[in-house]
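Read the structure below first, then the notes.
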Amino acid sequence: MIKKILIHFTLILSWHFVDAQVDMGTIEVNENYSATLMFADDIDFVAIGNNPQLDDGTFEHYELFKKENVLVINSYSEEVPETSITIRLIDGEMFYGILKHGRGKLMYNFKETGIKIQAKAAEEKLKAKVLKEKEEKLDRLMTQAQEYFSYGIEENSIEFVIKNIKNDSENTYMKITINNGSASNYNIDGILFKYVEGRRKGLKKTEAKTEERIYPEFQKGPEIANAYSSTDIGVILPLFTVGNKGWFQIQLREKNGTRNPLIEIKSSEIIKIKIFE
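Taking our numbering, the leading residue of the sequence shown gets 58, the next gets one more, and so forth.
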């Protein structure tokens, strides 16, 4: 569903930019100072209404220099006519205005147009909506009864348990519980996620394993697991796969401490993770 929304949004943006038109107003140039126009994307073409090309390849009224996203314009004299100018960018956005002789400005900046600012805001709004939907899924997972009992480890009177894991088409959602039965607080310095692929069959035991870090998209929960208490942490990870001989690792690290438990889940267990309904 999320992918469909993103595709639909992209199509809307593409259609919008093809027909997008921005009024640049009046561009004033003269024979002594160049007017430089800058845009957010490379320039496709420039058209000036009254600027005939001469036999030697130059133009009668206005001189143009175009490179990538920059256009530089000069006029040949004070007698140049007032005329129209149209600029199309590679992304399809169109700019139009009036070109005439005058004192003008040295720089005209069109890198941030209202149309693109609105599109950027709409894109950020969609991202926020998608993230909110993911967070709501994580909240549901956090309130569900414990489904897994074997994904954990006990170290120095502290129990670290993966109680719930679920997938959707894009992410893995996880609930981690720290049962601190010790007399000291456990200060969380970070949680490391990675999957490890086993060595290939028939090769030496010293052959290096393949490891890859997985970085959370979102994480919620306290940074301190207080003494004699239970603490829940929720995590959203990008969806990942582990080979037949691989495994998934979760390592919690203690700030200014040595309690750094490592939880490993085999690939045969990973493929059993339930899917969000």
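All residues carry an ideal CB built from backbone N, CA and C; glycine is no exception.
- The region 156-168 makes contact with the region 82-101: 3 or more CB pairs, one atom from each, lie closer than 8 Å.
- Cα atoms of V103 and I130: separation of roughly 11 Å, rounded to the nearest angstrom.
- The C-beta distance from Y285 to G238 rounds to 7 Å, short enough to meet the 8 Å contact threshold.
- The region 161-174 and the region 107-125 do not touch, with fewer than three beta-carbon pairs separated by less than 8 Å.
- Under a 10 Å Cβ-count criterion, G114 is classified as exposed, with fewer than 16 other Cβ atoms of the shown protein chains found around its own Cβ.
- Counting along the chain, the unbroken alpha helix (DSSP H) around I174 starts and ends at 171-200.
- Check the Cα spacing between E150 and each of E139, E136, F167: the tightest is with F167.
- S287 is bridged by DSSP to N236.
- The closest CA to that of N244, considering only I235, F152, P109, is found on I235.
- In this structure I330 is not in contact with K173, their Cβ atoms being roughly 41 Å apart against a cut-off of 8 Å.
- Ranked by Cα distance from K191, the options P295, G314, E326, E311 are led by P295.
- Contact between I320 and I248 is ruled out by a C-beta separation of about 10 Å, above the 8 Å threshold.
- Secondary structure of S325 (DSSP, three-state): helix.
- With a cutoff of 8 Å on beta-carbon distance, P279 and I293 are scored as not near each other.
- Collapsing the DSSP output to three states places L94 in a strand.
- Contact check for L111 against E120 fails: the beta carbons are separated by 8 Å or more.
- Taking C-alpha positions only, D246 is separated from T200 by approximately 25 Å.
- Within the same chain, Cβ atoms closer than 6 Å to the Cβ of N283 are found at N242, the five residues on either side in sequence being excluded.
- DSSP places S132 in the uninterrupted beta strand (DSSP E) bounded by 127-132.
- Under the DSSP definition of a beta bridge, R145 partners with F102, M151.
- DSSP, read as helix, strand or coil, puts P295 in strand.
- C-alpha of V218 to C-alpha of S207: approximately 8 Å in a straight line.
- Residues of the same chain with a CB within less than 6 Å of the CB of T93, apart from the 5 flanking positions on each side, are V129, M164 in chain order.
- In the assembly as shown, M95 is an exposed residue. Its beta-carbon has fewer than 16 other beta-carbons within 10 Å.
- Counting along the chain, L249 sits inside the beta strand (DSSP E) bounded by residues 243-254.
- For T83, the beta-bridge partners assigned by DSSP are I155.
- Separation of E269 and W304 (C-alpha to C-alpha, rounded to the nearest whole angstrom) is 11 Å.
- Setting aside the 5 residues that flank it on each side, K186 has no residue in the same chain whose C-beta is closer than 8 Å to its C-beta.
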